[in-house]
Structures are given as C-alpha cells and as structure tokens.
Amino acid sequence: ETAAAVGVEEGRVRSVVLRPGDDGLLVDFELNHPASLAEAAVDARLRGCAYAALWALYEPRPRLEEEKVVTTHELGFEGEDWDYVLEQRGVEVREAAAIETARALGVEREDVVEVELDVVPQNLVVFVTVRHSSRLSEGEVDGLLAQCQYKTLWAQYDARPLELIGALNGMLISAEEVEAELDPATYLRGALLRARRERDEYMERLGPMH
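What the sequence shown shows, in this note's numbering, is residues 2 to 211, in sequence order.
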C-alpha cells in the first residue's frame, strides 16, 4: 500500500520493521523513489493513504476470562419482630437481600448463589454466598456490603400487631400461673432456669470481656 500510494514498484519499499508504540503500531521502512519526488510530497501521499488492507488485519485483543471466587458473608439487621416478618414475607426478604447484595457488589442477581436467614434475639442474621471477581478480597466485599443500606429489605420489616403481642403475653402468663399452681418447686426451678438463660444471652451479646 505504501508503494501504491507513492506510485512506485513494490520492490522499492524495503526493510519493513513493525514495532508496537504506546498508542498503536509503528512501521519503519526504506523507500526508494524518484529524485523528482520531494520528501514532503512523499509524506503527504503517505498521510493520505487509508491503508485499508492493513487495517483489515487489525482485531482487538481477546478479553481474558476473569477468575471468579465464591465467598460467604454475614449481615445483621436489628429488630424484635423479624420472626413475624419472615412468617409473613420470608420470600420477599430473601429476594431483597439477594438483589441489594448483587447491586452493592456490581454483580448479577444470579451471582448471589445462596441466601440463608436466621432469627436470633433482637436480630435477623443473613448469610449471603456470592460469586465475584478474585480481585476483590473478602474484606473488600465486607466493606462494600457494610456501605449498603439495604432499603428494600428494611421496607419488608413490620412490627408484630398489638393483638398478637397481647395474645402471646397472655399465653406466657397463663402458662406460668398454671405451672405455679401445679408445683411451686417446679415453678421456682423454671424461673431460675429462665433467669440464667436471660443472663447468658445478655452476656453473649456483650461479647468477651477484656
């Protein structure tokens, strides 16, 4: 194409060297042309050449398949009535956790491969298992999830209706009264066990003492 652009035989273009530059391909060559053709004129003809045949050989570098890893992360959401919420809208809560986790990490919904829900006193614990780029460490994933407000998930939360709370409290009081009437010693033992259990749960929430 260089020879054709200048108007000489192909054999007059010699010592062609190809080398990569910062922004593209650089081509060095020797050109034997008539003395009547000034160097500036040669340069002008080469700048006007489209080099269509050369460009037809160009193709972008194939993208390497990004390596993926699968990790599991724990999320916590405070609330006394998550057990009631999961009874009413467990599917919606699970899907909201998956969608917002995917959005926080910039992955597809299908990359959130598992969501586990567990209710503990005063909290909903969510375990999300996610497929993501190996360039993201587990700590970085935890950081991204910590920044996510999970608004769609929180929108599912609803306090237990007052009538259910009253009925539940009534059942507990009735059970304690029946237990006390049947056997005072058994009632006292049960009350002591409940007090110990509540103390243990409180100490567990406080965490290890230093």
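For each residue, glycine too, the CB sits at the ideal point set by N, CA and C.
Simplified DSSP state of residue i, which is helix, strand or coil
i    : result
D1   : The first residue shown for the chain is 2 and the last is 211, placing residue 1 beyond what the model contains.
G1   : The requested residue 1 does not occur in the structure, where the chain is confined to residues 2 to 211.
E117 : strand
Cβ-based neighbour list, residue i, same chain, cut-off 7 Å, excluding 5 preceding and 5 following
i    : result
E75  : V126 and F128
E109 : A103
R46  : A6 and V7
C-alpha distance - residue i paired with residue j, whole-angstrom precision
i    : j    : result
E96  : V114 : 11 Å
R62  : G25  : 13 Å
L146 : D44  : 58 Å
V121 : V86  : 13 Å
A99  : E111 : 9 Å
S16  : D29  : 8 Å
V92  : E67  : 32 Å
Buried or exposed (CB count within 10 angstroms, at least 16 for buried), residue i
i    : result
E10  : exposed
Y59  : exposed
W83  : buried
L106 : buried
E101 : buried
V142 : buried
V94  : buried
Nonlocal neighbours in the same chain, by C-beta distance under 8 Å from residue i, ignoring five residues either side
i    : result
A156 : A97
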